[in-house]
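Student: The numbering of the sequence shown is the numbering used here, which starts it at 904 and goes up by one.
The beta-carbon is built from N, C-alpha and C at its ideal position, and this holds for glycine as well.
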Amino acid sequence: MVLASAPGKCILFGEHAVVYGQPAVAVAIDARIQITLEESKSGWRIDDMKFDKNRHPHLDAMLKRMWIGDGGGPLSVHIDSDLFGAAGLGSSAAICSGVAAALLHLGGTPADELPLPGIATTAHLAEAEAQGGRASPIDTSTSTLGGVVMVSDKKEPQAHWQYTRDLRIDGIRRTWEVHSVDLPESISEASLVIGFSGRPGPTSQMVAKVAALLSNQPERMEDIERIGNVTRAGATALSLGNLQAVGIAMNECHRLLQGLGVSDDDLDRMVEAALPSSLGAKLTGAGGGGCMIALTTEPRRTAQAIELVGGRTMVSRLGAPGVRIENE
Ligand code: MEV
């Protein structure tokens, strides 16, 4: 039996723009997905039921690529989650990353020799296939590496380059540079409060909505570039521990995302409620439902304010460990 876990993530800056090559910065959060794998004598099982690949397309893609293709036999899979489901917190990326680590360990890779770039790559392929080829590697690389991750179409000087991620789907080749961002000690003064609207954030639909907007109004690509500039400034502020500037960059990202039409009334209400006790607040992930985040030194007060307007909340540090094997 193997037990692996992987963190969820929040995008601090750059969602949607990252799909078009601009940088994005995401933090791994304390809430995690736990994956248990064991060999099964009663065929493929998931959470004690027959495995239905249509209900679990990401998992099916991972198992085919990493296990069934190599002649592996049926497994029983258990998934436990501390994350709000379908809320833009990277639960499918965490599942892919956790399953990849668990399969490698089941196949004999020692827990301290897990090939993180390889895990992130396989997990990204599964995500990209499920999202029709448009997914960036921000979710899967953050869940795999942990901490704070920046991806961009070029190497970014304010972060530590880790590896290049290439993706070829439907004859189109995309390349991203994946970095980690070091945080100074002083960052621990601030927390993230995550507010969930209670409605799922439909990632593929929201990514398609932005694609349609840009195709009808190509001049709106300027807003995507603006998000990229704010993201670079925000990443620099983060690495210097300048919390005020991080908050300003978050607010600016939210304004630009509103302009792209991916926020909604629930997200805007929670952002407004959080602002008086926060350094900055914005939607996180694809929008259209899902979650917002607030950077704050008063997490209880901010969480209460978000709950008063109907949000469900959780509090996290900025940055948590990446994918790992839990039972050695
Ligand atoms: C989803 O967490 C973030 C988006 O930028 C999509 C992606 O990066 O693939 C909206």
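For Tyr923 and Lys1058, what's the separation of their Cα atoms in angstroms?
Tutor: Residue mapping note: residue 923 aligns to position 20 of the sequence shown, counting from 1. Residue mapping note: residue 1058 aligns to position 155 of the sequence shown, counting from 1. For Tyr923 and Lys1058, the distance between alpha carbons rounds to 15 Å.
Student: What residue range is occupied by the uninterrupted alpha helix (DSSP H) comprising Gln1161?
Tutor: For the purposes of this step, residue 1161 is taken as residue 258 along the sequence shown, with counting starting at 1. For Gln1161, the enclosing alpha helix (DSSP H) stretches over residues 1146 to 1162.
Student: Indicate the three-state DSSP secondary structure (helix, strand or coil) for Val1174 in the structure shown.
Tutor: The residue you call residue 1174 lines up with position 271 of the sequence shown. The answer is helix: DSSP assigns Val1174 an H, G or I state.
Student: Restricting to Cα atoms, I'd like to know which of Glu1231, Ala1184, Trp947, Glu1092 is closest to Ala1208.
Tutor: For the purposes of this step, residue 1208 is taken as the residue at position 305 of the sequence shown. Measuring from the Cα of Ala1208, the nearest candidate turns out to be Ala1184.
Student: Using three-state DSSP, classify Gly1137 as helix, strand or coil.
Tutor: What you label residue 1137 is simply residue 234 of the sequence shown in a count that begins at 1. Gly1137: helix per DSSP, three-state reduction.
Student: Judging by CA-CA distance, which residue of Pro960, Gly1098, Asp1085, Gly974 is the nearest neighbour of Cys913?
Tutor: Walking along the sequence shown from the start, residue 913 turns up at place 10. Of Pro960, Gly1098, Asp1085, Gly974, the residue nearest in Cα terms is Gly1098.
Student: How many Å lie between Gln1120 and Cys1156 at the Cα?
Tutor: Translated into positions along the sequence shown, residue 1120 becomes position 217. Translated into positions along the sequence shown, residue 1156 becomes position 253. Rounded to whole angstroms, Gln1120 to Cys1156 spans 20 Å at the Cα level.
Student: Between Glu1080 and the ligand MEV, is the CB less than 7 Å from at least one heavy atom?
Tutor: In the sequence shown, counting from the first residue as 1, residue 1080 sits at position 177. In this structure, Glu1080 has its CB at a distance of at least 7 Å from all heavy atoms of the ligand MEV.
Student: For Ala1115 versus Ala1029, is the C-beta spacing smaller than 8 Å?
Tutor: The residue given as residue 1115 occupies position 212 in the sequence shown. The residue given as residue 1029 occupies position 126 in the sequence shown. At a Cβ-Cβ threshold of 8 Å, Ala1115 and Ala1029 do not count as neighbours.
Student: By Cβ distance below 6 Å, which residues in the same chain neighbour Ala920 in space, the five residues on each side in sequence not counted?
Tutor: Here the question's residue 920 lines up with position 17 in the sequence shown. Within the same chain, and ignoring the five residues on either side of Ala920 in sequence, the residues whose Cβ sits closer than 6 Å to its Cβ are Ile1127, Ile1130, Gly1131.
Student: Should Ser1107 be labelled buried (16 or more other beta-carbon atoms within 10 Å of its own) or exposed?
Tutor: In the sequence shown, residue 1107 corresponds to position 204, counting from 1. With fewer than 16 other Cβ atoms within 10 Å, it is exposed.
Student: So Gly1192 packs on Leu1160, CB below 8 Å; how close in whole Å?
Tutor: To locate residue 1192, count along the sequence shown from 1; it is residue 289. To locate residue 1160, count along the sequence shown from 1; it is residue 257. Rounded, the Cβ-Cβ distance is 13 Å, inconsistent with contact.
Student: Does the pairing of the region 942 to 952 with the region 979 to 989 give three or more beta-carbon distances under 8 Å?
Tutor: yes
Student: Run the CB neighbour count on Gly974, radius 10 Å, all protein chains shown included, and call it buried at 16 or more, exposed below.
Tutor: If you number the sequence shown from 1, residue 974 lands on position 71. Flag for Gly974 reads exposed.
Student: If you draw a straight line from the C-alpha of Ala1111 to the C-alpha of Arg1077, how long is it?
Tutor: The residue given as residue 1111 occupies position 208 in the sequence shown. The residue given as residue 1077 occupies position 174 in the sequence shown. About 17 Å.
Student: Any heavy atom of the ligand MEV within a distance shorter than 7 Å of the CB on Ile1127?
Tutor: Taking the sequence shown and counting its residues from 1, one reaches residue 1127 at position 224. No, the Cβ of Ile1127 stays beyond 7 Å of every heavy atom of the ligand MEV.
Student: Considering only DSSP beta bridges, list what Leu1198 is partnered with.
Tutor: The count along the sequence shown starts at 1 and reaches residue 1198 at position 295. Note: Leu1198 sits in a beta bridge opposite Leu1095, Gly1183.
Student: Is the Cβ-Cβ distance between Tyr1220 and Ser1089 less than 8 Å?
Tutor: Position 317 of the sequence shown, counted from the first residue, corresponds to residue 1220. Position 186 of the sequence shown, counted from the first residue, corresponds to residue 1089. Contrary to the premise, residue 1220 reads as Arg rather than Tyr in this sequence. No, the Cβ-Cβ distance between Arg1220 and Ser1089 is not below 8 Å.
Student: Just checking, does the region 990 to 1008 make contact with the region 922 to 940 on the three C-beta pairs under 8 Å criterion?
Tutor: yes
Student: Starting from the Cα of Ala1023, find the closest Cα among Thr1216, Glu1080, Pro1060, Pro1202 and give me that residue.
Tutor: Looking up residue 1023 in the sequence shown gives position 120. With distances taken between Cα atoms, Ala1023 lies closest to Glu1080.
Student: Mind checking which residues open and close the beta strand (DSSP E) that includes Ser908?
Tutor: For the purposes of this step, residue 908 is identified with residue 5 of the sequence shown, where counting begins at 1. First-last of the beta strand (DSSP E) with Ser908: 905 to 916.
Student: Say yes only if the C-beta of Ala1023 is nearer than 7 Å to one or more non-hydrogen atoms of the ligand MEV, and no if none qualify.
Tutor: Translated into positions along the sequence shown, residue 1023 becomes position 120. No, the beta carbon of Ala1023 sits no closer than 7 Å to any heavy atom of the ligand MEV.
Student: Roughly how many angstroms separate the alpha carbons of Ala1138 and Ile1196, rounded to a whole number?
Tutor: Along the sequence shown, read from residue 1 onward, the residue named residue 1138 stands at position 235. Along the sequence shown, read from residue 1 onward, the residue named residue 1196 stands at position 293. For Ala1138 and Ile1196, the distance between alpha carbons rounds to 16 Å.
Student: Lys1058 by DSSP, collapsed to three states: which one?
Tutor: Position 155 of the sequence shown, counted from the start, is the residue given in the question as residue 1058. Lys1058: coil per DSSP, three-state reduction.
Student: Using DSSP with H/G/I as helix, E/B as strand and the rest coil, what is Ala1223?
Tutor: Taking the sequence shown and counting its residues from 1, one reaches residue 1223 at position 320. Ala1223 falls in the coil class under three-state DSSP.
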